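Before any comments, here is the structure.
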Amino acid sequence: MVFLFLLPTTAAAVNGEENAARVTVLGFQTDPALLMPGDEATVTVTIKNTAEESVPISSARLYTEKNVAVINNPYQTFGALGPGNEATFTFRVKASLNEGTFYPVFVLDFRDAGSLRYPVPVKVDGTEPRFSVTSRPDSFVRDKKEIVRVSVSNPRAGPINGVSVVPSGQSLEVTPTSAFIGALEPDQAGEVTFNITPAEETDLVFTLRYRNGDNQRDIEVPLPIVFSEDKKRAEIVVSGVEVTAEGGHYRANGDVTNTGLEVAKAVVITTGDPAVPVDPNQVYPVASLDPDDLANFDVTFKVENATEVPLVIDYKDADGNTYSTTVMIGVKATLPTGGEGEGQSFPITAVVLILVVAVIAGAVIFRSWKKAKENEK
Amino acid sequence: MSHWIVDLLLNPDAFFRERAGQEAGLKFPLLFVLLAGLAAAPGAYTMVGIMGPLLPPEAQSFLWIGGVIAALFSLIGTIFIFILFVIVFHLLSAVLRGVGDIKKSFEAVGYGFLPMVLGYVLSSVAILYYAPSIVLPQVDPTTPAGAEAFGQAIASSPMTMMSAILGILFILWSANIWIFGMRHARSLTLRNAAITVGVPVGIYIIIQIWSLGVL
């Protein structure tokens with residue numbers, strides 16, 4: 038009798054185990070697909086009841102693994118899963134700082150049977166996006182705008198989102214202030230361009246911002262800006278300078294040549310302290326000088342007690358940056374001197390001759406007046 | 010008994026005293042003026058040559074014409090100065106109650122040009138000798154600034170200074186002769202003769218010094 042009472046129960050238990058055995062894991066997904074150390078992610082597990090009867094489920098849990106901590110477990114209780122139905126369980130996890138593939142275990146407890154254990158692989162990879170400067174000037178020059186191109190590539194196995202580059206630094210003028218690249222699939226790259234105008238030597242810092250799933254990450258890459266001579270810039274060379282004294286001032290003329298590789302615009306030539314520029318040519322404007330071009334100049338100035346004066350040449354580059362070059366030119370050497378080999382003897386000879394004549398004339402005049410007095414007597 | 014030229018140079022009072030009562034003879038006086046003019050001519054010719062490099066190439070072949078004209082002007086200029094001094098001395102001596110024929114004034118002033126002959130010779134030699142050493146500014150002398158610069162470069166050159174100083178010394182020597190010449194030609198006291206000659210010559214010297222930029 039008791040057996041008869043127990044029979045249906047036993048039969049039901051047998052059916053429950055059979056049905057539970059037919060609940061299978063259809064698949065799993067992590068978002069992001071590839072975590073970085075310390076990232077938070079969601080793990081989604083999908084199951085399906087392939088039995089012809091409903092399967093009661095007590096709970097669905099994801100168990101913390103050593104390197105993957107489960108942050109929440111919202112499925113402490115669950116109902117029944119109907120025949121042919123699917124159910125999806127989503128858990129929040131956080132990766133440790135270690136890299137590798139870890140397996141937190143998904144456990145589905147059946148009410149009428151045992152449980153289903155399914156290790157869910159979670160990949161953690163510390164590979165970061167690559168940031169590289171693809172183009173920069175050979176040298177930076179104060180207040181000169183230069184173009185810097187940077188590239189961001191994604192060597193990770195998973196995509197990254199919201200990629201942007203923000204340059205920053207002291208005493209820098211940067212345009213644009215940031216550049217957006219967007220999503221980068223694995224092995225994809227994006228390039229952006231910035232105009233950099235440094236006012237002083239500093240560190241230009243590029244901040245690469247991106248998201249891996251919901252995780253916002255930043256990478257800072259410094260680019261030292263050190264001023265040096267621009268190898269391509271225009272260079273003004275002064276030659277054939279001739280300084281002559283005239284009308285109470287000096288006149289300096291000669292040639293200026295652009296020996297650089299870039300055009301020199303708005304070239305203006307004048308003299309610097311201690312020389313004082315005077316009319317008619319206080320400053321002498323020269324038209325733009327292309328590389329290897331030559332033009333002459335003519336400036337007038339006054340100076341006292343100086344053997345050389347600075348010739349100041351100002352010019353601009355194509356961006357309007359002003360440059361200045363100073364060349365010393367001799368003044369004393371060009372003052373009128375005596376003829377070949379006679380510069381020293383001339384004044385002495387002249388003085389001697391004048392003195393002799395003066396003495397003779399004086400003696401003659403004195404003698405004539407003396408004689409005149411004698412003649413009176 | 011010394012030569013009359015020695016007397017003229019060293020004892021002009023005795024020279025002119027002896028001729029005071031005689032008829033004025035202008036042969037030698039005019040010769041001295043002419044010689045002075047001729048002595049100044051080479052210097053003037055050379056000064057024009059200095060400007061040669063500033064002229065256009067096509068004009069440089071005619072530079073000698075300019076030199077000849079300058080030499081002629083120096084000769085004419087000397088004669089002009091001679092006449093000017095005679096007139097001024099004569100008028101001034103008249104104010105100081107001087108009497109006598111103007112021909113005697115011409116004679117006295119003409120004889121006084123003898124030291125200037127020597128002076129002009131020395132000046133011309135100095136110019137010929139030192140002219141190549143002058144460094145002139147490379148300017149356009151036809152512009153006011155260029156002409157000023159050019160003139161200043163020449164005026165401030167040692168050669169010009171030397172020439173001018175010699176000129177002043179020799180005109181002082183000439184003035185000494187003129188004083189005694191005018192004294193006897195116009196029957197002046199020695200004091201009035203000195204005023205007659207000293208004032209115009211003094212002004213002339215001041216003008217010479219001023220033209221050098223010293224004053």
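Chains as they are written, first to last, in this note's numbering: chain C, 38 to 414; chain V, 10 to 224.
We put the beta carbon where it would ideally sit given N, CA and C, even for glycine.
Please read all numbers here as calculations on a predicted model, not as lab measurements.
Neighbour list for residue i in chain C, Cβ cutoff strictly below 8 Å
i	result
F189(V)	S405, A409
R26(V)	N412
L178(V)	I391, V394, A395, A398
9 Å Cβ cut-off: residues of chain V touching residue i
i	result
A401(C)	First, the amino acid is wrong: residue 401(C) is Val here, not Ala. Going along chain V in sequence order, the residues near V401(C) (Cβ under 9 Å) are L18, L19, P124, W182, N185.
Nearest-angstrom Cβ-Cβ length linking residue i and residue j, presumed shorter than 8 Å
i	j	result
F9(V)	A53(V)	Here chain V comprises residues numbered 10 to 224, so residue 9(V) is not present and cannot be evaluated.
G64(C)	D149(C)	At roughly 25 Å, the Cβ-Cβ gap does not stay under 8 Å, so G64(C) and D149(C) are not in contact.
T61(C)	T87(C)	6 Å
I306(C)	F168(C)	I306(C) to F168(C), Cβ: 46 Å. No contact.
V118(V)	F89(V)	Contact doesn't hold; Cβ gap of about 13 Å is too wide.
Y112(C)	S91(C)	The pair is not a contact, with the Cβ atoms about 17 Å apart (cut-off 8 Å).
P328(C)	V304(C)	About 13 Å; that fails the 8 Å criterion.
V242(C)	I218(C)	That pair is no contact at about 18 Å.
V278(C)	G297(C)	Not quite, the Cβ-Cβ distance comes to about 20 Å (not below 8 Å), so this is no contact.
Q225(C)	N252(C)	With 8 Å as the limit, Q225(C) and N252(C) do not qualify as a contact, their Cβ atoms being about 19 Å apart.
V315(C)	F334(C)	That belief does not hold up - the Cβ atoms of V315(C) and F334(C) are roughly 15 Å apart, past 8 Å.
Residue i classed as buried or exposed, judged by whether at least 16 other C-beta atoms fall within 10 angstroms
i	result
M125(V)	buried
F25(V)	buried
S276(C)	exposed
P259(C)	exposed
I14(V)	exposed
D175(C)	exposed
N449(C)	Nothing about residue 449(C) can be read from this structure; chain C reaches only from 38 to 414.
F115(V)	buried
A80(V)	buried
H12(V)	exposed
A29(V)	exposed
K36(V)	exposed
R98(C)	buried
G378(C)	Caution applies to G378(C), whose pLDDT of 38 falls short of 50 and renders its modelled position unreliable; the value that the coordinates give is listed next. The residue is exposed, with fewer than 16 neighbouring Cβ atoms inside 10 Å.
M365(C)	exposed
N342(C)	exposed
A398(C)	buried
S265(C)	exposed
S172(C)	exposed
T138(C)	exposed
G116(C)	exposed
L131(V)	buried
V229(C)	buried
F128(C)	buried
Of the residues the options, the one placed nearest residue i, counting alpha carbons only
i	options	result
M168(V)	A301(C), I385(C), E77(C)	I385(C)
S104(C)	E237(C), P141(C), V211(C), V274(C)	Checking the sequence, you will find Asn at residue 104(C) rather than Ser. Selected option, being the one with the closest Cα: P141(C).
M170(V)	Q217(V), S183(V), V97(V)	Q217(V)
T55(V)	A45(V), G34(V), V77(V)	V77(V)
S208(C)	F403(C), T308(C), K182(C)	K182(C)
A164(C)	G291(C), D354(C), L72(C), D292(C)	The residue you asked about is not Ala; residue 164(C) is Thr in the sequence shown. It is L72(C) whose Cα lies nearest to the Cα of T164(C).
A324(C)	I197(C), V130(C), I350(C), A343(C)	I350(C)
L392(C)	V118(V), L44(V), L178(V), L127(V)	L178(V)
N247(C)	K414(C), A303(C), P166(C), G137(C)	First, the amino acid is wrong: residue 247(C) is Tyr here, not Asn. When only C-alpha atoms are compared, the closest one is P166(C).
S188(C)	S405(C), G227(C), S215(C)	G227(C)
A106(C)	N290(C), G116(C), V130(C), A117(C)	V130(C)
P74(C)	V161(C), Y112(C), F128(C), S172(C)	V161(C)
L19(V)	A33(V), I204(V), A135(V), F189(V)	F189(V)
D240(C)	A216(C), G206(C), E77(C)	G206(C)
G58(V)	P38(V), L84(V), W73(V)	W73(V)
F41(V)	V210(V), E32(V), P51(V), L84(V)	L84(V)
L326(C)	V346(C), R270(C), E123(C)	R270(C)
V185(C)	W406(C), T234(C), L134(C), L331(C)	T234(C)
F94(V)	A140(V), W219(V), W187(V), N201(V)	W187(V)
Neighbouring residues, chain V, relative to residue i (Cβ below 7 Å)
i	result
N342(C)	Near N342(C) there are no residues of chain V at all, since even the closest Cβ is about 18 Å away, more than 7 Å.
A387(C)	P167, M171
Contacts of residue i in chain C (Cβ-Cβ under 7 Å)
i	result
A23(V)	K408, N412
I111(V)	Simply none; closest approach about 24 Å.
L197(V)	The contacting residues do not exist; L197(V) stays about 13 Å from chain C at best.
L175(V)	I391, V394
Chain-ordered chain C contacts of residue i [CB-CB under 9 Å]
i	result
L137(V)	Near L137(V) there are no residues of chain C at all, since even the closest Cβ is about 12 Å away, more than 9 Å.
heavy atom of the ligand COA below 8 Å from residue i C-beta
i	result
I233(C)	Looking at this structure, you won't find the ligand COA or any other ligand, since it has none at all.
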